[in-house]
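Enquirer:
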Amino acid sequence: MTQIKRIVILTGAGISAESGIDTFRSAGGLWEQHRVEDVATPEGFARNPDLVLNFYDMRRAALADVVPNAAHMALARLQREFAGEVLLVTQNVDDLHERGGSGQVLHMHGELKSALCTACGTRSRWEGAMIERPPCPVCAAPCLRPDVVWFGEMPYEMGRIYQALEACDLFVSIGTSGAVYPAAGFVEEARRAGARTLELNLEPSEGSRLFHESRLGKASVIVPEWVEEVLGG
Ligand code: BV8
């Protein structure tokens, strides 16, 4: 394999599944319990803010009951030990990559542990519930919403992500169904830039045929194996 210097990794809900966090599209997953339109769109939030605040309050509180798994730890090891550059982009809003030891994590769809003030636009670290309409830490307005990117909203740091995709030698997609854009299109950007593309997933994603290589299995097994390979351990 030619010398790999720059790796871009994209993770989705599948990497947190074995930690006990529901994915979106598996049976009984998050989207089966709620209609996307009701809980993950600005229109749903405007229509019924309590429903949405509760949905995210529950998911934020549930973070206390889960721990990172071997896949999160393996990616943190890769970031520590790989001689080249690693950009870890996640679609997940949980904090398991950070708790698994990853220093730099790019949450393109925001984070449960962040609050966005709809009055002053400030994003603040946030641990508690929002249902009681707590004051914004900066402007004190009772206007906090989950700092999560809903459907129809622009994901964060797209410029930085596309720059990294254009410059990478290897793009690895882990635990995502490839159902949501623009993340689902990253594999094509990487191929256009001449990068090798690898998918590590429990089952073939919607974009599987776009990857040079696709390995099927549980993230807690195949991600540490792949990291071991890359580090030449
Ligand atoms: C935007 C945060 C533009 C919220 C999320 C028609 C065509 C194309 C696009 C569109 C279209 N109509 C609308 C759009 C755009 C839309 C979109 O893509 N819709 C889809 C449904 C067609 N996208 C957007 O709206 C995005 N914004 O386009 O903005 C724009 C332009 C100008 C100006 C303004 C805006 C924003 C989308 C972000 C939505 N927010 N999450 C929250 O978390 O509550 S989406 C959410 O679902 C995730 O973040 C992720 O992105 C997405 C997919 O979820 P996955 O992570 O992949 O999880 P899933 O359950 O689907 O799959 C899990 C996978 O893991 C499976 O494959 C499974 O096999 C595997 N797995 C399970 N267990 C394991 C495992 N793998 C390994 N090991 C295991 N143990």
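Take the sequence shown: its letter number 179 is residue 179 in the numbering used here, and every next letter is one higher.
Cβ atoms here follow ideal geometry from the backbone N, Cα and C, with glycine treated the same way.
Could you give the DSSP three-state label for H212: helix, strand or coil?
Expert: coil
Enquirer: Near Y162, what residues of its chain come up, given a Cβ to Cβ distance below 8 Å and the 5 sequence neighbours on each side ignored?
Expert: E189
Enquirer: Would you say the beta carbon of F24 comes nearer than 8 Å to a heavy atom of the ligand BV8?
Expert: yes
Enquirer: Can you name the residues that DSSP bridges to R35?
Expert: DSSP, once it has assigned bridges, lists no residue as partnering R35.
Enquirer: Does the beta carbon of T197 fall short of 8 Å from some heavy atom of the ligand BV8?
Expert: no
Enquirer: Is the segment 170-181 touching the segment 192-209 in the sense that three or more CB pairs, one from each, lie closer than 8 Å?
Expert: yes
Enquirer: Taking the CB atoms as reference points, tell me whether R35 and G28 lie closer together than 9 Å.
Expert: The Cβ atoms of R35 and G28 lie no closer than 9 Å to each other.
Enquirer: Please go through the same chain and pick out, in chain order, the residues whose beta-carbon is closer than 6 Å to the beta-carbon of G20, but skip the five residues on each side of it.
Expert: Here the set comprises V66.
Enquirer: With a floor of 3 residues, list each beta strand (DSSP E) that falls wholly inside the segment 57-130, ordered by position along the chain.
Expert: 85-90, 110-117 and 123-125
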